[in-house]
Structures are given as C-alpha cells and as structure tokens.
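A.B. asks:
Numbering (our numbering), first residue to last: 7 to 608.
Right, here's the structure in full:
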C-alpha cells in the first residue's frame, strides 16, 4: 500500500481535517444502517403478507416466496452487520484522532492506560523519572493496546541498548513508520477492539505443546460421516422402513459425544474468550502485510510474517479465530447437543485445530510479538510525527553528554523552558537553587530525554549527543512501615544499589536529588561527599541537585571534575517569579522563609 509521505507543521489542523473526513463517513454509515433496518422490516412484512396470499392460490409460488423472503432477509441482516462493523471501525479511528488532539492540547493525563501494571519500585529509574502511572511517559506516548504491544513499549523505555547500532536501527524504523500516517492510524484503531488484556498464554502453550494424535486423523471423514449418516437414516427410515438403523447411528454419535465430553471440554477451555482477540491480531497482521515500508528493520519484521505452508499469516490467524468462535456453541446446551449428535461438532473442531497447529505452531508467538513490536514503534513514531521540530539524538562513543535547547517532553510547549547543557565523563554537575526553581525537573528532563534517545525516538531539543550509559537515580524516596524501613534507610538502599552496579564497570549516568535529606546537615554533607567520591570516575557522568551549598566548594577543590550550575528566582510587586533557566555557578538566593510568609504560616 503506497502512500504519500506526510509532513506538516500544522499537526492540529491535520488531525482536525481527518476528523472531519471520518465524521462525515460515520454520518453516512449511520444513515445507511437506519435505511437497511427499515428495508429489512419492510421485506419481512411483505414476505409474510405474500406468503399468506400465495398459500391459498399456488403452493409452488408460496414456496418460492418463502425462500426468497428468507434469503433476502438474511442477506440484509448480513449487510446490516457489515455496516455496523464499518461504523465501529470509523468510531475507533475518530477515537484515535481525538486522543492525539488531546495529547497536543496537553490533556493526555485523562488517558485510561497509565501503564500502572508495569510500576516497579525496584527499577533503577522507573519511579523517579515517571515512566508509569498517572502523568507518566508511558501514558503520554502509548498507542499500544494489545498485551504484547504494551509489554514491548514498557520494555523499550526501561532497557538500555547494548550497542549503538541497535539505537540507529530503531531510529530508522521510527522515522519511516512516522511517515506512514494512514497505516499508523488504522493500526491503532484496529487494536482498540481489544477488550480484554490477555497474554494468550493458554493458546500459546497449546500451540507449542507438539502435535497430538488428533492431527493424524483424516479430517474429511468427520465431515463426510455426518452426511452419510443423515442420508442412511433417511433412506432406512423413509424407504426401507427400518428406523432402528437411524437410532443406532445417532446412538453411536451420542455415546461418542458423552465419552469424549470432558476431554473435548478441557481442550476447548484453553481458548476461552480468545476468538475476538485473535481476530483483531489477524486484522493487525493484515495491515502490516499490505504496507509498503522502506526501512530495512520494518521490512525484516514484515517478511517474518510467513506461515509454514506458505499461506498469508493474517488469513491463518483468521482461520484460527473462526475455529475458536465455532467452539462457543457449547454455551448453548441444546445447540451444542444437536450439533454433536448430528454433526460430531466437537470432533471436527478439534481435528481442524490440531491440523492448524501442525502448520503454524512454531510461529504463533513470534507473530504476536511482531504485532507488539510494531505497536511500540508506532507509539514512538506518533511522537516523531507530532513534534517535527524535535531531533533525533546522536549516540556516540565519546563519553560526553551534551544537549542544546532541551526541555521536558511532558511539559506543554507553552510552559516548557529549554536549556542547553554539556558534561563529560568523570564529571559531576552540582545543581543548586532555591525551592521550586527547577532543579529536580531538570534532572528528570535529562533522564527522560535519554530514555527517548535509547528507544530510538526524537528528543525534546534541538540536538543531543550521548554515549550509552546505564541510568540510575535516587530522587523519590519513601518509607515502608510494613518493612520497618525509614526514609533515610530506603535512600541508603538506593545509593548502595548504584554503587554496587558501578563496581561492575558499566558506565552509568547517576541522577541524585537532595542526597540524605533525612539526616542532619553535617552528616548529609559528609555522606554526599563520600558517595560522590565513589561514583565520580572515568566513564561515569553525574548530576546532583542540592540545597547544601557547601558541596559547591568541591568545584574549587584540587581534584577537579565538579561543575556548579544553579537556578534562581526574582521578586517583584506580584511576588516570586522563576524563569527555570540553568546558569553556571552556585546559587546565591534562598526563598524558603519568603514562601512560608507568603502562605501566611508565620
């Protein structure tokens, strides 16, 4: 599916134009649904009236009218259902467009998926840098809706790549995918039909469990036998006047149904509620198969969608979905009984499923994971498309972190203040400033942009050069009453983890906010100096925010490797004002007492 590359500076206008287009389509489809509903009712009434009339005058004409009425009615029912599916698809597209517009307007914190199920307080930086939860990076950028897509996105924003090549490849995939707007729009819209988040593990375990003896049975026998049985029963009963034969045939069917009831039930239980999800996966794979990508990584994943028997993968998954849907007849006891006694229904489904597994078992998990990978890339590509003034970072072997006009990506454009900053390895930036001046936000700005950089996404800035560093932070510290852990001790455990990791020789970026705030000023200062002396070494880069102005004296020491920066504020008749601009040198202002008085505490 070739499409024009879309580049625009008016993203809101672009989204609104699409919303107007699809809203018009939705209106048309709703009108068609109402029209078909009325026609269907009219056909039913006319067919009933015509049947009554023709019944008295011509039995052959009566039969033709009844058959025509039934066929026409069900054709309209089928078309009506098709229109309903079309309506749902358009509503999903509009939902995606409105979500994107909300994100551009800064209202993305209302998104329902916060990624809260991925919260891990033990992760080196997840909690401190707001990776998951309300107001998190995940909530802001995610367009992943399947289990595998959400899992892949969470992994991409938590892991540091092992090589620069990995990042470069991911950047290429994100860049190319960002250009395929129609694909990304329809892909996310299709994924919105996922109603229940499930890892499909029961289905995958069945697929990977090996082929059972059922696959060796000849499928057509179980399709042909019910037909032969029905014809035999009719002939023996109606023509040969031996109804006992029919009783024997269906008694055998009944016994087979009873004998294998629990075995077949156990087999089908693993597919509980899978049909709708697998059908959505089929649609997602179909969109991938049809899209004409140019990036090598995107093409490689697309080309991995090959079934063992050479058929189209999306069609294979659609077959599986139809098989699972057919199993749902068991929730209708009477229908299930009749289908099995008359058609050996469970046996036919089981054999068909095992034959499907024989052809596709080794690939099913890979197909699901490919869908997840595309969803994750789609999430980063959406950000790249919406922020075309952002730039892809350069991942280098040089042990230096430098940023130009860098801001926090989760702060709206009209409130964001960008700063430039540069630091090399074996250096620590000591950032001082008064309360609320922007110290902690700056640390998070650096950390979150590095997460985006390592994930292959553009960063919120004009430029960024960064080496591969493992990110560690100690910013949000909480006590644990149930574990008898104080705030101070919880911070010590975090610091110990950073130092233990540093012993492994892995280059790290450490972000430390107000070290040892839970103890007295003397211990706090001495503890901070001791920690920094441990972590400041070749390969490592560090940023620390603090109110301890004594730490600034490290920059005047003989050992070097410390740089002072600060944020400040101004006072006027309207009160206190912050410009959130990073400046060199130590802070010279304090505002705690001013804020206390401003709030009327004293």
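For glycine and all other residues, C-beta sits at the position ideal for the given N, C-alpha and C. No experiment lies behind these values; they were computed from the predicted model shown.
Any contact of the region 459-470 with the region 159-174, i.e. 3+ C-beta pairs under 8 Å?
C.D. replies: Touching, yes.
A.B. asks: Find the nearest neighbour of residue 122 within the set 253, 114, 142, judged by alpha-carbon distance.
C.D. replies: Taking the chain shown and counting its residues from 1, the one referred to as residue 122 is at position 116. Comparing Cα positions, the closest option is 142.
A.B. asks: Going by C-alpha distance, which of 519, 590, 188 is nearest residue 571?
C.D. replies: Position 565 of the chain shown holds residue 571. It is 590.
A.B. asks: Please state if the CB of residue 197 and the CB of residue 151 are separated by a distance shorter than 8 Å.
C.D. replies: As a first step, residue 151 is located in the chain shown; it is residue number 145 there, counting from the start. As a first step, residue 197 is located in the chain shown; it is residue number 191 there, counting from the start. For residue 151 and residue 197, yes; Cβs fall inside 8 Å.
A.B. asks: Identify, in the order they occur along the chain, each residue of the same chain with its Cβ nearer than 7 Å to the Cβ of residue 173, setting aside the five sequence neighbours on each side.
C.D. replies: Within the chain shown, numbered from 1, the residue matching residue 173 stands at position 167. Hits under 7 Å: 167, 401, 460, 462.
A.B. asks: Is residue 235 buried or exposed, if buried means 16 or more other CB atoms sit within 10 Å of its CB?
C.D. replies: The count along the chain shown starts at 1 and reaches residue 235 at position 229. With 16 or more other Cβ atoms within 10 Å, it is buried.
A.B. asks: With a Cβ-Cβ cutoff of 8 Å, do residue 545 and residue 513 count as a contact?
C.D. replies: The residue labelled residue 545 in the question sits at position 539 within the chain shown. The residue labelled residue 513 in the question sits at position 507 within the chain shown. In this structure, residue 513 lies closer than 8 Å to residue 545 by Cβ.
A.B. asks: Could I get the ranges of all uninterrupted beta strand (DSSP E) runs contained in the region 396-460, with 3 residues as the minimum, in chain order?
C.D. replies: Here the runs fully enclosed are 406-412, 425-430, 433-439.
A.B. asks: Quick one: what's got a C-beta closer than 8 Å to residue 537's C-beta in the same chain, skipping five residues either side?
C.D. replies: Numbered from its first residue, the chain shown carries residue 537 at position 531. Here the set comprises 501, 505, 518, 521.
A.B. asks: Who are residue 572's beta bridge partners in DSSP?
C.D. replies: On the chain shown, position 566 is the one that residue 572 refers to. DSSP lists 438, 589 as partners of residue 572.
A.B. asks: Quick check: the Cα distance between residue 272 and residue 448, rounded to an integer number of angstroms?
C.D. replies: By one-based count along the chain shown, residue 272 stands at place 266. By one-based count along the chain shown, residue 448 stands at place 442. Spanning the two alpha carbons is a distance of roughly 56 Å.
A.B. asks: CB-CB under 7 Å to residue 154, same chain, minus the five flanking residues each way: which ones, in chain order?
C.D. replies: Along the chain shown, one-based indexing puts residue 154 at 148. For residue 154, where only same-chain residues beyond five positions count, the Cβ hits under 7 Å are 374, 375, 377, 378.
A.B. asks: Measuring alpha carbon to alpha carbon, tell me which residue in 295, 243, 130, 306 is nearest residue 317.
C.D. replies: The count along the chain shown starts at 1 and reaches residue 317 at position 311. Ranking 295, 243, 130, 306 by Cα distance to residue 317 puts 295 first.
A.B. asks: In the structure shown, what three-state DSSP assignment does residue 514 receive?
C.D. replies: Taking the first residue of the chain shown as position 1, residue 514 is located at position 508. Three-state DSSP puts residue 514 in a strand.
A.B. asks: With distances taken Cα to Cα, identify the nearest neighbour of residue 108 among 92, 22, 237.
C.D. replies: On the chain shown, residue 108 is found 102 positions in, with the first residue counted as 1. The option with the nearest alpha carbon to residue 108 is 22.
A.B. asks: Measure the alpha-carbon distance for residue 187 versus residue 341 and round it to whole angstroms.
C.D. replies: Counted from its first residue, the chain shown places residue 187 at position 181. Counted from its first residue, the chain shown places residue 341 at position 335. One C-alpha to the other measures close to 46 Å.
A.B. asks: Of the choices 451, 349, 78, whose alpha-carbon is the least far from that of residue 237?
C.D. replies: Along the chain shown, one-based indexing puts residue 237 at 231. With distances taken between Cα atoms, residue 237 lies closest to 349.
A.B. asks: Between which residues of its own chain and residue 391 is the CB-CB distance below 7 Å, once the five residues before and five after are set aside?
C.D. replies: Numbered from 1 along the chain shown, position 385 holds the residue referred to as residue 391. Cβ within range, chain order: 184, 187.
A.B. asks: Rank 428, 562, 466 by C-alpha distance to the C-alpha of residue 422 and give the top, closest one.
C.D. replies: Position 416 of the chain shown, counting from 1, holds the residue named residue 422. It is 466.
A.B. asks: Quick one: what's residue 470 bridged to in DSSP?
C.D. replies: As a position in the chain shown, residue 470 is number 464, starting the count at 1. Looking at the DSSP assignment, residue 470 forms a beta bridge with 409.
A.B. asks: Please report the distance separating the alpha-carbon of residue 474 from that of residue 130.
C.D. replies: The sequence position of residue 474 within the chain shown is 468, counting from 1. The sequence position of residue 130 within the chain shown is 124, counting from 1. The alpha-carbon atoms of residue 474 and residue 130 are separated by roughly 15 Å.
A.B. asks: To the nearest angstrom, how far is it from the Cα of residue 124 to the Cα of residue 360?
C.D. replies: What you label residue 124 is simply residue 118 of the chain shown in a count that begins at 1. What you label residue 360 is simply residue 354 of the chain shown in a count that begins at 1. If you take the alpha carbons of residue 124 and residue 360, they lie about 35 Å apart.
A.B. asks: Per DSSP, residue 550 is paired with what?
C.D. replies: By 1-based counting over the chain shown, the position of residue 550 is 544. Per DSSP, 436, 518.
A.B. asks: For residue 477, which of helix, strand or coil comes out of DSSP?
C.D. replies: As a working mapping, residue 477 is identified with position 471 in the chain shown. The answer is strand: DSSP assigns residue 477 an E or B state.
A.B. asks: Quick check on the burial criterion: 16 or more other C-beta atoms within 10 angstroms. Buried or exposed for residue 19?
C.D. replies: Position 13 of the chain shown, counting from 1, holds the residue named residue 19. Exposed.
A.B. asks: Determine the extent of the alpha helix (DSSP H) in which residue 194 is found, giving its start and end residues.
C.D. replies: What you label residue 194 is simply residue 188 of the chain shown in a count that begins at 1. Per DSSP, residue 194 belongs to the alpha helix (DSSP H) from 187-197.
A.B. asks: Taking DSSP as the reference, what is the three-state secondary structure of residue 488?
C.D. replies: On the chain shown, residue 488 is found 482 positions in, with the first residue counted as 1. Below a pLDDT of 50, predicted positions are generally treated as unreliable, and residue 488, at 48, falls in that range; the measurement from the model is reported next regardless. Coil, per DSSP.
A.B. asks: Would you report the Cα separation of residue 176 and residue 111, rounded to the nearest angstrom?
C.D. replies: Against the chain shown, residue 176 aligns to sequence position 170. Against the chain shown, residue 111 aligns to sequence position 105. Distance between the alpha carbons of residue 176 and residue 111: 28 Å.
A.B. asks: Tell me the residue span of the alpha helix (DSSP H) that contains residue 384.
C.D. replies: Here residue 384 refers to the residue found at position 378 when the chain shown is read from its first residue. Where residue 384 is concerned, the enclosing alpha helix (DSSP H) stretches over 370-392.
A.B. asks: Using 8 Å as the Cβ pair cut-off and three pairs as the minimum, do the region 71-89 and the region 42-62 touch?
C.D. replies: Short answer: they touch.
A.B. asks: Tell me which residue opens and which closes the alpha helix (DSSP H) that residue 258 is part of.
C.D. replies: Looking up residue 258 in the chain shown gives position 252. Its alpha helix (DSSP H) spans residues 249-265.
A.B. asks: Using three-state DSSP, classify residue 11 as helix, strand or coil.
C.D. replies: Counting from 1 along the chain shown, the entry for residue 11 is found at position 5. A caution first: residue 11 carries a pLDDT of 45, below 50, which makes its placement in the model unreliable, though a value can still be read off. Here residue 11 sits in coil by DSSP.
A.B. asks: Can you tell me whether residue 399 is buried or exposed? The criterion is at least 16 other CB atoms within 10 Å of its CB, across all chains shown.
C.D. replies: For the purposes of this step, residue 399 is identified with residue 393 of the chain shown, where counting begins at 1. Buried, since its Cβ has 16 or more Cβ neighbours within 10 Å.
A.B. asks: Under a three-way DSSP split, which group does residue 102 fall into?
C.D. replies: For the purposes of this step, residue 102 is taken as the residue at position 96 of the chain shown. Residue 102: helix per DSSP, three-state reduction.
A.B. asks: Compare the Cα-Cα distances from residue 419 to each of 113, 313, 482 and report the closest residue.
C.D. replies: Here residue 419 corresponds to residue number 413 of the chain shown, with the count starting at 1. Ranking the options by Cα distance to residue 419, first place goes to 113.
A.B. asks: Is residue 26 helix, strand or coil by DSSP?
C.D. replies: Position 20 of the chain shown, counted from the first residue, corresponds to residue 26. In this structure, residue 26 counts as helix in the three-state DSSP scheme.
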